[in-house]
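Just so you know, the numbering used here puts 55 at position 10 of the sequence shown, and the rest follows in order with no gaps. Beta carbons are placed, not taken as given, at the ideal position from N, Cα and C, and that holds for glycine. Quick caveat: nothing in here was measured; it's all calculated off a predicted structure. Right, one structure below, let's go through it.
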Amino acid sequence: MNVRGHSGSGPHGAPESASQLSPEAQARLRALRSMGLDDDDFAADEGERDDLLDVPGGVRLQKVLASAGVGSRRHCEELIGAGRVEVDGQTVRRFGARVDPEHQVIKVDGKRIPSRQDIVYLAFNKPRGVLTAMSDDRGRKTIVDFLGDRCGTGAERLFHIGRLDYDTEGLLLLTNDGELAHRLAHPSYEVAKTYWAQVPGPVPRDLGRRLQAGVELDDGVAVADKFRVLEQSGNRAMVEITLHEGRKHIVRRMLAEVGHPVSRLLRTTVGPVKLGGLPPGATRELTTKEIGELYAAVGM
Ligand code: URA
């Protein structure tokens, strides 16, 4: 089972205490727990009925939520009771609802959760000198050297979302969720990405303004969303630039165009996902919260 990482309080905010539930829901929850029942056939109270049809042979909603990393079963029952869970657009307050996690869209607090167990979402810290490709006819290292069978050949068949240059290090996302990958790579959904770049200094005060106003490149204007100098010493500077652009070598080309060619480049964020302290060459699973935010960013 692919249980995703989550904080103890669950990724969708602080845990609801049972006292925040309606009195009926609290009573039902108490009965459920004291009887040690698996919530089977618990009829919804009047006013808590919904039109969602139970999927024959489906999985209990709270089990799907817990498996997706939303929190403990108990926490998930509380979320359901509090009306914070939707299945295919419909709020479901019944603890026993049976759903199809493969095909139904399940949301907590309006954010979709990754309910399919066969879908994987990874953050990878690509080291410098590694090709974002499955193979290289020149024998250079590729991401397959780090991800092995998970990438391209294994049962999971993960693929990378976008690319980093051979010499760029940092955050690369991988998944076997074709729809999400397709949307994230599509220009109409470009999510913001942040980079740290080492450039020759000193950096003039107006550089950020110039980059945010737009830089003319061979294939059109490129615009930075944000820019700041992180560090300057002597003739070197470390700058941070955020942009929605996905064009090839875009950061290197923009900074070269304004007279500050990049000598080192690191991607630190992709949309809601941060590289954090992930060591070079290492991977981690995305959290349920990160996946929900990625879905939201591309309208899924
Ligand atoms: N911009 C670049 O110039 N290189 C990368 O790898 C990513 C963005």
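Would you kindly work out how many angstroms separate the C-alpha atoms of residue i and residue j, rounded to a whole number?
i: residue 107; j: residue 296; result: 44 Å
i: residue 232; j: residue 289; result: 9 Å
i: residue 238; j: residue 273; result: 14 Å
i: residue 56; j: residue 120; result: Residue confidence is low: residue 56 scores 42 on pLDDT, short of 50, so the model does not pin down where it sits. No coordinate-derived value is stated.
i: residue 182; j: residue 176; result: 11 Å
i: residue 378; j: residue 312; result: Residue 378 lies beyond the stretch modelled for the chain, which goes from 46 to 345, so this question has no answer here.
i: residue 333; j: residue 275; result: 31 Å
i: residue 343; j: residue 162; result: 21 Å
i: residue 301; j: residue 256; result: 11 Å
i: residue 346; j: residue 147; result: The requested residue 346 is not part of the displayed model; the chain covers only 46 to 345.
i: residue 339; j: residue 68; result: 35 Å
i: residue 187; j: residue 321; result: 22 Å
i: residue 235; j: residue 324; result: 26 Å
i: residue 123; j: residue 71; result: 9 Å
i: residue 104; j: residue 96; result: 17 Å
i: residue 141; j: residue 226; result: 33 Å
i: residue 293; j: residue 331; result: 25 Å
i: residue 136; j: residue 145; result: 15 Å
i: residue 335; j: residue 270; result: 21 Å
i: residue 180; j: residue 129; result: 45 Å
i: residue 291; j: residue 315; result: 11 Å
i: residue 102; j: residue 155; result: 26 Å
i: residue 178; j: residue 204; result: 9 Å
i: residue 88; j: residue 117; result: Low local confidence applies: a pLDDT of 45 at residue 88 is under 50, so the model's placement there is unreliable, and no value is given.
i: residue 277; j: residue 262; result: 26 Å
i: residue 246; j: residue 127; result: 55 Å
i: residue 286; j: residue 169; result: 20 Å
Quick check on residue i: buried or exposed, where buried means 16 or more other Cβ atoms within 10 Å of its Cβ?
i: residue 201; result: buried
i: residue 252; result: buried
i: residue 268; result: exposed
i: residue 221; result: buried
i: residue 58; result: Only weak support exists for where residue 58 lies, its pLDDT of 41 falling under 50; the value from the coordinates is given anyway. Exposed is the call here.
i: residue 254; result: exposed
i: residue 49; result: Confidence is the limiting factor: at residue 49 the pLDDT is only 43, short of 50, which leaves the residue's position unreliable and the question unanswerable from this model.
i: residue 279; result: exposed
i: residue 114; result: buried
i: residue 250; result: exposed
i: residue 327; result: exposed
i: residue 282; result: buried
i: residue 266; result: exposed
i: residue 98; result: exposed
i: residue 259; result: exposed
i: residue 134; result: exposed
i: residue 165; result: buried
What are the start and end residues of the beta strand (DSSP E) that includes residue i?
i: residue 188; result: Element bounds for residue 188: n/a, residue is neither H nor E.
i: residue 219; result: 213 to 220
i: residue 205; result: 204 to 206
i: residue 277; result: 271 to 278
i: residue 310; result: 309 to 315
i: residue 329; result: 328 to 330
i: residue 228; result: Residue 228 -> not in any beta strand (DSSP E); alpha helix (DSSP H) instead, spanning 223 to 230.
i: residue 262; result: 260 to 262
i: residue 109; result: Not the beta strand (DSSP E): residue 109 falls in the alpha helix (DSSP H), residues 106 to 112.
i: residue 283; result: 281 to 288
My assumption, with CB atoms under 8 Å, is that residue i sits in contact with residue j. Please give the rounded CB distance.
i: residue 224; j: residue 299; result: The pair is not a contact, with the Cβ atoms about 30 Å apart (cut-off 8 Å).
i: residue 212; j: residue 174; result: 7 Å
i: residue 100; j: residue 138; result: Incorrect: roughly 17 Å between the Cβ atoms, too far for contact.
i: residue 207; j: residue 242; result: The pair is not a contact, with the Cβ atoms about 17 Å apart (cut-off 8 Å).
i: residue 284; j: residue 244; result: 6 Å
i: residue 167; j: residue 219; result: 5 Å
i: residue 172; j: residue 131; result: No, residue 172 and residue 131 are not in contact; Cβ-Cβ is about 41 Å, not under 8 Å.
i: residue 337; j: residue 158; result: 6 Å
Would the beta-carbon of residue i be found less than 7 Å away from any heavy atom of the ligand HEM?
i: residue 286; result: This structure lacks the ligand HEM; the ligands present are the ligand URA.
Can you name the start and end residues of the alpha helix (DSSP H) that residue i belongs to?
i: residue 296; result: 295 to 302
i: residue 333; result: 333 to 342
i: residue 368; result: Outside the displayed span of the chain (46 to 345) sits residue 368, for which this structure offers no information.
Does the beta carbon of residue i come closer than 8 Å to any beta carbon on chain D?
i: residue 138; result: The chain inventory of the structure shown lacks chain D, comprising one protein chain alone.
Validate contact between the stretch 106 to 120 and the stretch 133 to 152 using beta carbons, cut 8 Å, 3 pairs: yes
At least three beta-carbon pairs within less than 8 Å, the stretch 188 to 196 to the stretch 303 to 322: no
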